[in-house]
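A.B. asks:
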Amino acid sequence: MNIDITHFKALAADGRSMTDIVVRSGPLPSPAEVLGDRTARFTISTEREDRDGDTISVKGWQTQDFERNPVVLWGHDQGSLPIGRVTQIGVEGRSLKATVEFVPADVPIAGQMAEAVFRMVQSGFLHATSVGFKPREWDLSDRKGGSVDFKRQELLELSIVSVPSNADCIAEPARKSVEAIEDKSDSNAVTSPEAAEGQVAKAAAAKARRARALRLIMLGN
């Protein structure tokens with residue numbers, strides 16, 4: 077099951093099993109460094125505390141299994157072809173960074189999408205990434221009304237996204253827009269693990285519909 081950190085905290089506090097859980101989060105906003113032809117370097121995780129008090133230890137990242145199949149996705153869409161691959165990944169200071177090589181533009185289907193994403197990264201229209209990981213060790217805290225500190229986590233996938241699952245991972249104007257939407261939806265906040273799972277299922281269905289529509293648009297071009 078794919079969930080965000082908020083839903084993870086609800087399940088962890090309830091003592092639920094985490095064996096099939098994949099958590100999705102995102103880094104701080106960081107413009108990509110375009111290194112050369114179809115290659116860019118991204119900051120994909122930092123140790124900065126987010127607005128909910130949650131942290132991810134950079135030294136706790138386990139990337140060995142990911143490096144055996146280091147594909148890069150668009151928007152966590154595992155049902156579509158990858159748009160690139162990671163050629164180098166590692167900790168630099170208090171950040172986890174990855175170098176991404178985008179699929180060549182002349183590759184059928186995948187190349188069109190990769191070309192569009194690469195051009196937007198190159199032009200500065202896209203500069204956010206989001207990671208999917210399996211928590212291995214964590215501590216729950218009452219900091220800021222309830223937070224989690226991930227101590228060890230296994231990297232499963234890396235995506236380039238327009239709006240990461242963590243609002244702190246996007247540029248300031250977009251972050252404020254997301255916060256405004258979240259404030260309006262407080263009355264519908266998740267109050268139980270069962271409700272969280274229901275919201276996750278609805279979100280997954282909506283994302284699948286958007287992905288299918290995007291693929292049709294790309295094929296039409």
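Taking my numbering, the leading residue of the sequence shown gets 77, the next gets one more, and so forth.
Even glycine gets a Cβ: it sits at the ideal position worked out from N, Cα and C.
None of these values were measured; they are calculated from a predicted model.
Pairs of beta-carbons, one from the stretch 180-191 and one from the stretch 148-166, closer than 8 Å: are there three or more?
C.D. replies: yes
A.B. asks: Specify the secondary structure class of S71 as computed by DSSP and reduced to three states.
C.D. replies: What the structure shows of the chain is the stretch from 77 to 297, and residue 71 is not part of that stretch, so it cannot be assessed.
A.B. asks: Verify whether the separation of the beta carbon atoms of I81 and V99 is less than 8 Å.
C.D. replies: The residue labelled residue 81 in the question sits at position 5 within the sequence shown. The residue labelled residue 99 in the question sits at position 23 within the sequence shown. A contact, by the Cβ cut-off of 8 Å.
A.B. asks: How is V176 classed by DSSP in three states: helix, strand or coil?
C.D. replies: The sequence position of residue 176 within the sequence shown is 100, counting from 1. Note: V176 maps to strand in three-state DSSP.
A.B. asks: Is the Cβ-Cβ distance between A204 and V237 less than 8 Å?
C.D. replies: For the purposes of this step, residue 204 is identified with residue 128 of the sequence shown, where counting begins at 1. For the purposes of this step, residue 237 is identified with residue 161 of the sequence shown, where counting begins at 1. Going by C-beta atoms, A204 is nearer than 8 Å to V237.
A.B. asks: Can you look up G129 in the DSSP assignment and give me helix, strand or coil?
C.D. replies: The residue labelled residue 129 in the question sits at position 53 within the sequence shown. In this structure, G129 counts as coil in the three-state DSSP scheme.
A.B. asks: When the Cα atoms are used, what is the spatial distance from S217 to T139?
C.D. replies: Counting from one through the sequence shown, the residue named residue 217 turns up at place 141. Counting from one through the sequence shown, the residue named residue 139 turns up at place 63. Looking at the two C-alpha atoms, the distance is approximately 26 Å.
A.B. asks: What does the alpha-carbon distance come out to for the pair A89 and V193?
C.D. replies: Taking the first residue of the sequence shown as position 1, residue 89 is located at position 13. Taking the first residue of the sequence shown as position 1, residue 193 is located at position 117. Answer to the nearest angstrom: the Cα atoms are 38 Å apart.
A.B. asks: Look up P269 in the DSSP assignment and say whether it is helix, strand or coil.
C.D. replies: Along the sequence shown, one-based indexing puts residue 269 at 193. Its pLDDT being 47, under 50, P269 is placed unreliably by the model, and nothing is read from it.
A.B. asks: Tell me which residues share the same chain as D96 and place their Cβ nearer than 7 Å to its Cβ, disregarding the 5 neighbours each side in the sequence.
C.D. replies: Taking the first residue of the sequence shown as 1, we reach residue 96 at position 20. Contacts found: M77.
A.B. asks: Which word fits Q229, buried or exposed, when buried means at least 16 other C-beta atoms lie within 10 angstroms of its C-beta?
C.D. replies: As a working mapping, residue 229 is identified with position 153 in the sequence shown. Buried, because 16 or more other Cβ atoms sit within 10 Å of the Cβ of Q229.
A.B. asks: Roughly how many angstroms lie between the CA atoms of L87 and S101, to the nearest whole one?
C.D. replies: Residue mapping note: residue 87 aligns to position 11 of the sequence shown, counting from 1. Residue mapping note: residue 101 aligns to position 25 of the sequence shown, counting from 1. Their backbone Cα atoms lie some 16 Å apart in a straight line.
A.B. asks: Excluding five sequence neighbours on each side, which residues of the same chain lie with their C-beta closer than 8 Å to the C-beta of L149?
C.D. replies: Within the sequence shown, the letter at position 73 stands for residue 149. So the list reads S156, P158, I159, E233, L234, S235, I236, once near-sequence residues are dropped.
A.B. asks: Spatial neighbours of K129 within its chain, please: CB distance less than 6 Å, with the 5 preceding and 5 following residues excluded, ordered by chain position.
C.D. replies: As a position in the sequence shown, residue 129 is number 53, starting the count at 1. Residue 129 is actually Gly in this sequence, not Lys. Contacts found: R219, K220, S223.
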